[in-house]
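Below you'll find the structure, written out as structure tokens, and then a few comments.
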Amino acid sequence: MKTCYQHISFALFAFIILLACETVVDLDIPFDRPKVTVSSSLIASESPEVRLTFSKHILDNNYNYEPIANATVRMIHNGNTYILEFDPEIGKYGNDAITIEAASLYQLIVEVPGYDAISVTETVPVTVPIQSFEINGIVELEWNTREDISLVFDDPIGENFYEIYAFNIQKYQYTNQSGEIVEYVNQQPIYLTAKNPVYQQEYGGFTILFNDRLFDGNTFEMEMFASGSPFTYDPGSGGVDLDVEVESYVVLKSVSRSYYLYQTTFNLQNWNDGDPFAQPVQVFTNIPNGLGIYSAQAPFVYQVR
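Pasting the structure below:
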């Protein structure tokens, strides 16, 4: 019994000592001046859009990024200068008079009061058509139904980057109580996975992002799996008063090197978020005197059905 009391007394004494040794250390983390962040991806055959915000401190838990509305934004193309105006409804700068052209260079100049001017250039890649698209059947893999699909395109000579994605557009029509025909449209992405492990990403996502190192300047066939049966399923009829139609599309995007590097690093960092054993990933940026990304893409849309 005496030994038991000694053990209890020792434990209490040790606990008091531990409490007495507790030290609170205040870390003085400097709050640096926020940087101008640029976010813009030029899309061939569309008008440019540029979003400007300020970067946040690491301890800032406000997830809302207010746009910078008092900047001067210019775009230079073929010696012509265009002013991009701020649209408060979408929080972006744009100019509907400009249509982005494939295989063209565009310079973006951003001037924010109190900050050094930002100047960055980007070349929009050429549009690469899909030569053919095949549905090779349905397979069962790991208790999941998948469609075996493939597409073929001719890769131009030189360094090129691509992204493949697909989606379904579902159209519903029904007659309401007033006898009026109402149409509802819903777009759903299709989950794609490359068969070849070389083209499989280290993060999850609906798209396949890759380069042409293994087939530079040649005809290439990308073999893939589509989750479920998105290209062949029959939606049927939703009922007596409901008609359903489905359109399926595959898109081959030629993307710039900056787009490829940014999407790869950003998605990898996002995928590893919360994993204490994952290696840190530095997200790519090409904005001098600031942060963000200025990239380009040229999509080719192929309608499957």
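The numbering of the sequence shown is the working numbering, which starts it at 13 and goes up by one.
Glycine residues also receive a C-beta, built at the ideal position from the N, C-alpha and C atoms.
Remember, it's a predicted structure, so these values are computed and weren't measured experimentally.
Measuring straight from C-alpha to C-alpha, what distance separates residue i and residue j?
i	j	result
Y77	R269	27 angstroms
P141	A178	15 angstroms
V138	D228	15 angstroms
G149	G286	38 angstroms
G217	D166	25 angstroms
S131	I299	8 angstroms
G91	F145	40 angstroms
S53	Y306	6 angstroms
D255	Q185	5 angstroms
P311	E58	11 angstroms
Q309	N156	33 angstroms
T111	L96	13 angstroms
I128	T49	One point to set straight first is that residue 128 is Asp, not Ile, in the sequence displayed. If I take the Cα positions, the gap works out to 13 angstroms.
V85	K265	27 angstroms
F289	V62	36 angstroms
F232	W283	29 angstroms
G170	I193	52 angstroms
E154	I102	43 angstroms
S260	I220	17 angstroms
Indicate the three-state DSSP secondary structure (helix, strand or coil) for residue i in the structure shown.
i	result
S57	coil
Y118	strand
F296	coil
F278	helix
S270	helix
Y318	Here the chain has residues from 13 to 317 only, and residue 318 is not among them.
Y215	coil
Which residues mark the beginning and the end of the beta strand (DSSP E) in which residue i is found?
i	result
F227	Run containing F227: none; DSSP gives neither H nor E here.
T261	Reading the sequence as shown, one finds Tyr at residue 261 and not Thr. That run of the beta strand (DSSP E) goes 254-267.
P311	303-315
Y127	No beta strand (DSSP E) contains Y127, which DSSP labels as neither H nor E.
T231	231-239
For residue i, count the other beta carbons within 10 Å of its own beta carbon; 16 or more makes it buried, fewer makes it exposed. Which is it?
i	result
V267	buried
N180	buried
R158	buried
K14	Note that K14 scores a pLDDT of 47, beneath 50, so its modelled location is shaky; the value from the coordinates is reported in the next line. Under this definition K14 is an exposed residue.
I202	buried
N172	buried
P242	buried
Run the proximity test for residue i: is its beta-carbon closer than 8 angstroms to any non-hydrogen atom belonging to the ligand HEM?
i	result
V295	This structure lacks the ligand HEM, and indeed carries no ligand of any kind.
Please tell me whether residue i has its Cβ less than 9 angstroms away from any Cβ of chain B.
i	result
D44	Within the model displayed, chain B is absent; a lone protein chain is all it includes.
Those runs of the beta strand (DSSP E) which lie wholly inside the segment 71-95 and span at least 3 residues: Listed in chain order, they are 84-89.
Sequence ranges, alpha helix (DSSP H) only - wholly within the segment 130-209, length at least 4: For the segment 130-209, not a single whole alpha helix (DSSP H) run of length 4 or above is found.
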